[in-house]
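Worksheet for the structure shown next.
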Amino acid sequence: MKLIMLGPPGAGKGTQAQKICNDYNTVQISTGDILRAEVSNGTELGQKAKSYMDKGDLVPDEVILGMMEKKLFGEDAPEGYILDGFPRTVPQAVGLDELFNEHDAELDAIILMEVDREVIIERLTARRTCKNCKKVYNLLFMPPEEDGVCDECGGELIQRDDDKEETVKNRLKVYEEETAPLVDYYSGTGKLERVDSHGTPEEVYENIKEVLESL
Ligand code: AMP
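Below you can see the structure in the form of structure tokens.
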């Protein structure tokens, strides 16, 4: 199964991708996670990406496409996957289509996670991540047992720099300008599936399962 999770930051793409992976034996490929790992390892790619990420801007398309070609079609590329956070611009989607054509591969569906702006701001500014094991919490609907401490490993919970309110607002603006046009791009393919993403993670997952079972 080859899926794209599409939707604004804070729609729950990563959370839902993890749930799908548990049940459907596939893997999540998150460009945000890959880039954050490159930044913390201080690689050349990470150094290039950091200044864009800190502001909530997009890393240039050619950097992302080069990185994703290796991930999706290089040695050890997985058979099926859920793309989370990619493509994020029309040129990235065109580049991905070209790669699929070259390699005779095909997408199964694009899951569009729809959620209102106010809910996104509330969700993102309440997100916390364990500094150590990277487990994600949300102070609104999945708080840790003890304030500021990871339930799993006891690590410190921190707020991602790009989840601070001003940066969240910029990320939403970037989404509207750069990523929302992908809805039109993909609606012509007959593979775009819209999912109401306002509920709890469990409720949203039920909506997604319905879609996956109809494919
Ligand atoms: P995310 O975790 O998906 O919200 O991504 C965090 C940040 O990484 C974004 O705000 C961008 O700066 C960068 N990023 C992630 N995916 C992409 C992409 N496909 N294209 C450009 N920049 C990206």
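For the sequence shown, the working numbering assigns the number 1 to the initial residue and increments by one for each residue that follows. Yeah, the Cβ is synthetic: ideal placement off N, Cα and C, and Gly gets one too. Keep in mind the model is a prediction, meaning the values are calculated, not measured.
1. Check ALA109 in the structure and name its three-state DSSP category.
2. For MET1, which three-state DSSP category applies?
3. Measuring only from the beta carbon, is PRO87 closer than 7 Å to any heavy atom that is part of ligand 3?
4. Distance check for CYS150 and ASN101, CA to CA, integer angstroms please.
5. State the CB to CB distance for the pair ARG194 and PRO9, rounded to an integer number of angstroms; the pair is presumed to be in contact (CB under 8 Å).
6. Among the candidates TYR81, PRO144, GLY12, ASP84, whose CA atom is the shortest distance from the CA of GLU122?
7. Can you say whether GLN47 is buried or exposed, counting buried as having 16 or more other CB atoms within 10 angstroms of its CB?
8. I need the DSSP call for GLN28, collapsed to helix, strand or coil.
9. State the DSSP-derived secondary structure class of LEU35, mapped to helix, strand or coil.
10. Measuring CA to CA, which of GLU210, TYR175, VAL119 is closest to LEU140?
11. Just tell me which of GLU75, LEU157, ASP162 has its CA closest to the CA of ARG36.
On the basis of the data shown:
1. On the sequence shown, position 109 is the one that residue 109 refers to. Strand at ALA109.
2. Your numbering for residue 1 matches position 1 in the sequence shown. MET1: coil per DSSP, three-state reduction.
3. For ligand 3, the structure offers nothing, since it holds only ligand 1.
4. Your numbering for residue 101 matches position 101 in the sequence shown. Your numbering for residue 150 matches position 150 in the sequence shown. When rounded, the distance between both Cα atoms is 44 Å.
5. Along the sequence shown, one-based indexing puts residue 194 at 194. Along the sequence shown, one-based indexing puts residue 9 at 9. Going by Cβ atoms, the distance from ARG194 to PRO9 rounds to 18 Å, so no, they are not a contact pair.
6. As a working note, residue 122 is residue 122 in the sequence shown. That would be GLY12, whose Cα lies nearest to the Cα of GLU122.
7. Taking the sequence shown and counting its residues from 1, one reaches residue 47 at position 47. Per the 10 Å Cβ criterion, exposed.
8. Within the sequence shown, residue 28 is the residue found at index 28, counting from 1. Strand at GLN28.
9. Residue mapping note: residue 35 aligns to position 35 of the sequence shown, counting from 1. LEU35 falls in the helix class under three-state DSSP.
10. Residue 140 sits at position 140 when you count from the first residue of the sequence shown. The shortest Cα separation from LEU140 among GLU210, TYR175, VAL119 belongs to VAL119.
11. For the purposes of this step, residue 36 is identified with residue 36 of the sequence shown, where counting begins at 1. Of the listed residues, the one whose Cα sits closest to ARG36 is ASP162.
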